[in-house]
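For reference, the structure discussed in these notes is given below.
There are 2 protein chains.
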Amino acid sequence: MAGESNAKERLVRTASTLMYVRGYNSVGVAEICSAAGVNKGSFYHFFDSKEALAAEALERSWAWMRSTIHERSLEDPAKGGLDAIEEYGVRLADELAQREAESGGVPGCVFGNFAVELSTQNENVRALVSARFDEMVDSASLAIVRSIELGEISPATDVDQAAHDVITLMEGLMVLAKARRDPDLLRELGPTMRRLLT
Amino acid sequence: MAGESNAKERLVRTASTLMYVRGYNSVGVAEICSAAGVNKGSFYHFFDSKEALAAEALERSWAWMRSTIHERSLEDPAKGGLDAIEEYGVRLADELAQREAESGGVPGCVFGNFAVELSTQNENVRALVSARFDEMVDSASLAIVRSIELGEISPATDVDQAAHDVITLMEGLMVLAKARRDPDLLRELGPTMRRLLT
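As they're listed, the protein sequences go chains R and S.
Counting along the first sequence from 1, when you hit position 39 you're at 38 in numbering that gives the first Met the number 0, and nothing is skipped either side.
Counting along the second sequence from 1, when you hit position 87 you're at 86 in numbering that gives the first Met the number 0, and nothing is skipped either side.
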């Protein structure tokens, strides 16, 4: 039934945006339904709970993030490893600036946001976010390996540690960018990782 | 009136703990009053709003953090700069482990939490948190300056940038520690800053 799947799709898309910009706890099911143009009865036909919708919204955000940001930077085999990390930071900064232009605030990282807001409250969401961080680290490790292969950095570099450093630094910059309302902080990711690795 | 000031003190202390462990939006005024043993009428005698209480709780958290963590690590003139940064990470890891033992979760950084949860929702809280990050960076810069004076790192080191890197990395580790429920991630702060700076 096309109408049904379309309603579900609208709910996931709307929740993904609202929860990203405003936070999970600040957005209610009624508001999501209203913004998506779906009645509340239909909501519970598709989802057992707000948490279940959040889990799908997180998956949606990750699919978007991977194809739009990761595959065009960290995972792009045509880019040198250090350049790819720099591109990753620049794309994230551009994305934050775009969101700021649309919403008036800097929403940070959707995964970091869920981690901070829900890790002590909801074990299921915490585990989902933690698994996404693992995938981000895997993505960064592709850039680190290319960097070693190209002789940009020492072959003795600890790939796992360096990839973890990329994601840790990115998340820290996201928190500061959000607090300072300064998307450009993400542009530091490339230069700082370059100093760390070379 | 001792009873009044005691009630206000209990409200600030209770809010500080509950908002740290569970998040600002997950805790209501009624629950804070109940946990503090203060009736709701008294609450509005002391505070105009939950936000006003949160602002005082943040100040309280910062005073505690400065005296318990910063003054005994980053700002301790008896410690070498790099050792002081390492001590900072170790004290934060110990603190998180203690909180995990008490509450079952890893609550992360109280300032990062407020930044993430409220920056797009509440300009007043965002500005308060941003100012605290500035103080943290100032605190870290004392360690960087000592490190230069002791000849541990190059005199050409950009002090402001390096101090900002300490706090950014700390916040990133806090997000990952919370998502992975692993307080020990904070122990990486010292070694990673050592690699970055030397």
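Built from N, CA and C at the ideal position, the CB exists for glycine as well.
Contact under 8 Å by Cβ, residue i with residue j
{"i": "alanine 56 (chain S)", "j": "valine 105 (chain S)", "result": "no"}
{"i": "proline 182 (chain R)", "j": "alanine 92 (chain R)", "result": "yes"}
{"i": "glycine 103 (chain R)", "j": "valine 174 (chain R)", "result": "no"}
{"i": "glutamate 50 (chain R)", "j": "glycine 111 (chain R)", "result": "no"}
{"i": "valine 20 (chain S)", "j": "threonine 119 (chain R)", "result": "yes"}
{"i": "alanine 77 (chain R)", "j": "serine 41 (chain R)", "result": "no"}
{"i": "threonine 167 (chain R)", "j": "leucine 172 (chain S)", "result": "yes"}
{"i": "alanine 178 (chain S)", "j": "arginine 125 (chain R)", "result": "yes"}
{"i": "isoleucine 143 (chain R)", "j": "alanine 162 (chain R)", "result": "yes"}
{"i": "glycine 22 (chain R)", "j": "glutamate 116 (chain S)", "result": "yes"}
{"i": "glutamate 94 (chain R)", "j": "serine 138 (chain R)", "result": "no"}
{"i": "isoleucine 68 (chain S)", "j": "arginine 90 (chain S)", "result": "yes"}
{"i": "arginine 9 (chain S)", "j": "glycine 80 (chain S)", "result": "no"}
{"i": "arginine 228 (chain R)", "j": "tryptophan 63 (chain R)", "result": "Look at the range of chain R in this structure, 0 to 197, and you will see that residue 228 (chain R) is not part of it."}
Rounded Cβ spacing between residue i and residue j (contact assumed at less than 8 Å)
{"i": "valine 249 (chain R)", "j": "leucine 52 (chain R)", "result": "The first residue shown for chain R is 0 and the last is 197, placing residue 249 (chain R) beyond what the model contains."}
{"i": "serine 66 (chain S)", "j": "alanine 83 (chain S)", "result": "That belief does not hold up - the Cβ atoms of serine 66 (chain S) and alanine 83 (chain S) are roughly 15 Å apart, past 8 Å."}
{"i": "valine 165 (chain S)", "j": "methionine 192 (chain S)", "result": "6 Å"}
{"i": "glutamate 85 (chain S)", "j": "glycine 150 (chain S)", "result": "With a Cβ gap of about 17 Å, glutamate 85 (chain S) and glycine 150 (chain S) do not count as contacting."}
{"i": "alanine 29 (chain R)", "j": "threonine 13 (chain R)", "result": "Their Cβ separation, rounded to whole angstroms, is 12 Å, which puts alanine 29 (chain R) and threonine 13 (chain R) out of contact at 8 Å."}
{"i": "cysteine 32 (chain S)", "j": "asparagine 38 (chain S)", "result": "6 Å"}
Closer than 9 Å at the beta carbon, the chain R residues around residue i
{"i": "glutamine 120 (chain S)", "result": "Arg21, Gly22, Ser25, Gly104"}
{"i": "serine 140 (chain S)", "result": "Chain R residues near serine 140 (chain S): none, gap ~15 Å exceeds 9 Å."}
Contact list for residue i against chain S, beta-carbon separation under 7 Å
{"i": "asparagine 112 (chain R)", "result": "Val115"}
{"i": "threonine 191 (chain R)", "result": "Asp164"}
{"i": "threonine 167 (chain R)", "result": "Leu168, Gly171, Leu172, Leu175"}
Listed by chain order, chain R residues near residue i by CB distance under 7 Å
{"i": "leucine 29 (chain S)", "result": "Checking the sequence, you will find alanine at residue 29 (chain S) rather than leucine. Within 7 Å Cβ-Cβ: nothing; alanine 29 (chain S) doesn't reach chain R, min ~16 Å."}
{"i": "arginine 186 (chain S)", "result": "Going along chain R, no residue has its Cβ under 7 Å from arginine 186 (chain S), so there is no contact; the nearest lies around 13 Å."}
{"i": "glutamate 198 (chain S)", "result": "Outside the modelled stretch of chain S, which goes from 0 to 197, sits residue 198 (chain S), for which no answer is possible."}
{"i": "glycine 107 (chain S)", "result": "Val115"}
{"i": "alanine 178 (chain S)", "result": "Ala114, Ser118, Arg125, Val128, Ser129, Phe132"}
Burial state of residue i, where buried means 16 or more other Cβ atoms lie within 10 Å
{"i": "alanine 1 (chain S)", "result": "Bear in mind that a pLDDT of 48 at alanine 1 (chain S), under 50, signals an unreliable position, so the number given afterwards is only what the model happens to contain. Answer is exposed; the Cβ neighbour count stays below 16."}
{"i": "leucine 17 (chain S)", "result": "buried"}
{"i": "glycine 88 (chain S)", "result": "buried"}
{"i": "serine 48 (chain S)", "result": "exposed"}
{"i": "alanine 100 (chain R)", "result": "exposed"}
{"i": "glutamate 70 (chain S)", "result": "exposed"}
{"i": "serine 140 (chain S)", "result": "buried"}
{"i": "serine 15 (chain S)", "result": "buried"}
{"i": "glutamate 187 (chain R)", "result": "buried"}
{"i": "tyrosine 43 (chain R)", "result": "exposed"}
Chain R residues whose Cβ lies nearer than 8 Å to that of residue i
{"i": "leucine 195 (chain S)", "result": "Thr191, Arg194, Leu195"}
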